[in-house]
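Mapping of the sequence shown onto numbering that gives the first Met the number 0: residues 0 to 256, in sequence order.
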Amino acid sequence: MEFIKVNKQYDKYVALIELNRPKELNALNLQLMGELRDALKKLDDDDNVRSIIITGNEKAFAAGADIKQMADKSAIDMLKIDQFSTWDQIRKTKKPLIAAVSGFALGGGCELAMTCDMIIASETAKFGQPEIKIGVMPGAGGTQRLTKAIGKAKAMELVLTGRFISGEEAMGYGLVNKVVPVEMYLFEALSLAKEIALMSPIAAQLAKEAVNRSFETHLDEGLTFERKNFYLAFATEDQKEGMAAFVEKRKPEYKGK
Ligand code: CAA
Numbered sequence: 000m001e002f003i004k005v006n007k008q009y010d011k012y013v014a015l016i017e018l019n020r021p022k023e024l025n026a027l028n029l030q031l032m033g034e035l036r037d038a039l040k041k042l043d044d045d046d047n048v049r050s051i052i053i054t055g056n057e058k059a060f061a062a063g064a065d066i067k068q069m070a071d072k073s074a075i076d077m078l079k080i081d082q083f084s085t086w087d088q089i090r091k092t093k094k095p096l097i098a099a100v101s102g103f104a105l106g107g108g109c110e111l112a113m114t115c116d117m118i119i120a121s122e123t124a125k126f127g128q129p130e131i132k133i134g135v136m137p138g139a140g141g142t143q144r145l146t147k148a149i150g151k152a153k154a155m156e157l158v159l160t161g162r163f164i165s166g167e168e169a170m171g172y173g174l175v176n177k178v179v180p181v182e183m184y185l186f187e188a189l190s191l192a193k194e195i196a197l198m199s200p201i202a203a204q205l206a207k208e209a210v211n212r213s214f215e216t217h218l219d220e221g222l223t224f225e226r227k228n229f230y231l232a233f234a235t236e237d238q239k240e241g242m243a244a245f246v247e248k249r250k251p252e253y254k255g256k
């Protein structure tokens, strides 16, 4: 891996992926996104991983898709390369994904953070969709996910002005879960990841899938999907263990079975 670092056991059951193009503020070129897609697929298949953190560095989570790589491309080139198809795979990751964001999360960087299930931000985080300033528009989910996360008026403002918002503002709009001092953001993401990793991984997967459905379907269909996943959880040993542990007043030991 050239542009990311992967630690499969950053903590028990928790994996960490670091975007690693610091000089370019982690601009998301094709190679980096390919590596990220492949790493997530592997971690998704690894029974020793139950939650995954994606982070950058203090200065930048990611400053967007790599503008230099795209600058002279034609529309036909873009259609043929279809670089955002990689993102569809990332979206399909079954395990819970937490973005630990410090510094710039712009354009594709903001979109990548929003593709994750939760965002922990540092006080220095800056979120934005500045594509309009370079003559284009968000292309990897920004118009959809940002609007669903923060509502039409604010999303429209950010997408049409390219303005950045701080972690604190993003928190106020419901885009991020928590804002903490810069020295704490990774620790806070790890605490959240560890808490989730204590749960049945199968239940977590079913629940993640069902929550995501609420964005993708109408209420009727979403409720039916949720109900089926709930019933399906009763096919697992983890369900038996979790409920037995409650009745017996002890801590559950989940095996992912
Ligand atoms: N693509 C390629 N290179 C980038 C980049 C990007 N998105 N963002 C930063 N860089 C590079 C800079 O070119 C610079 O490289 P050099 O040292 O070789 O000149 C290096 O990273 C450091 O950047 P700056 O010197 O610009 O740092 P700064 O602190 O002065 O400014 C910034 C930081 C405000 C984030 C500024 O770099 C910036 O505006 N970057 C572009 C942000 C942007 O427009 N993102 C959207 C991209 S399009 C997109 O993402 C489409 C989509 O929907 C997926």
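The C-beta atom is built at its ideal place from N, Cα and C for all residues, glycine as well.
Near residue i, what residues of its chain come up, given a Cβ to Cβ distance below 6 Å and the 5 sequence neighbours on each side ignored?
i      : result
Ile51  : Ala14, Leu42, Lys94 and Leu96
Leu31  : Phe2
Arg212 : Gly221 and Phe224
Glu130 : Gly106, Met136 and Pro137
Ala188 : Ile52, Ile97, Ala99 and Ile119
Pro200 : Arg49 and Gly255
Asn28  : Asp65 and Gln68
For residue i, I'd like the list of residues in its chain whose CB is within less than 8 Å of its CB, leaving aside the five on either flank, ordered along the chain.
i      : result
Asn47  : Lys7, Gln8 and Tyr12
Asn228 : Leu205, Ala206, Glu208 and Ala209
Glu57  : Ser101, Gly102, Ser121, Thr123 and Val181
Considering only heavy atoms of the ligand CAA, does any lie closer than 6 Å to the CB of residue i?
i      : result
Glu220 : no
Lys104 : First, the amino acid is wrong: residue 104 is Ala here, not Lys. No; taking the cut-off as 6 Å, the Cβ of Ala104 has no heavy atom of the ligand CAA nearer than that.
Asp65  : yes
Glu130 : yes
Glu23  : yes
Gly107 : yes
Pro137 : yes
Ala26  : yes
Ala70  : no
Ala62  : yes
Less than 7 Å between the C-beta atoms of residue i and residue j, yes or no?
i      : j      : result
Cys109 : Phe126 : yes
Lys4   : Asn19  : yes
Ala139 : Gly107 : yes
Ala64  : Phe103 : no
Tyr230 : Ala99  : no
Val175 : Gln128 : no
Gly161 : Lys132 : yes
Ser101 : Val181 : yes
Ala26  : Ala62  : yes
In this structure, does DSSP put residue i in helix, strand or coil?
i      : result
Ser121 : strand
Ala154 : helix
Leu42  : helix
Asp10  : strand
Gly63  : coil
Ala98  : strand
Val190 : It is Ser, not Val, that sits at residue 190 in the sequence shown. Ser190 falls in the helix class under three-state DSSP.
Phe83  : coil
What residues in its chain sit with their C-beta under 7 Å from that of residue i, if we drop five residues either side in the sequence?
i      : result
Lys250 : Ala244
Phe214 : Lys147
Lys79  : none
So, is the C-beta of residue i closer than 7 Å to a C-beta in chain C?
i      : result
Met170 : Here there is only one protein chain, and chain C is not present.
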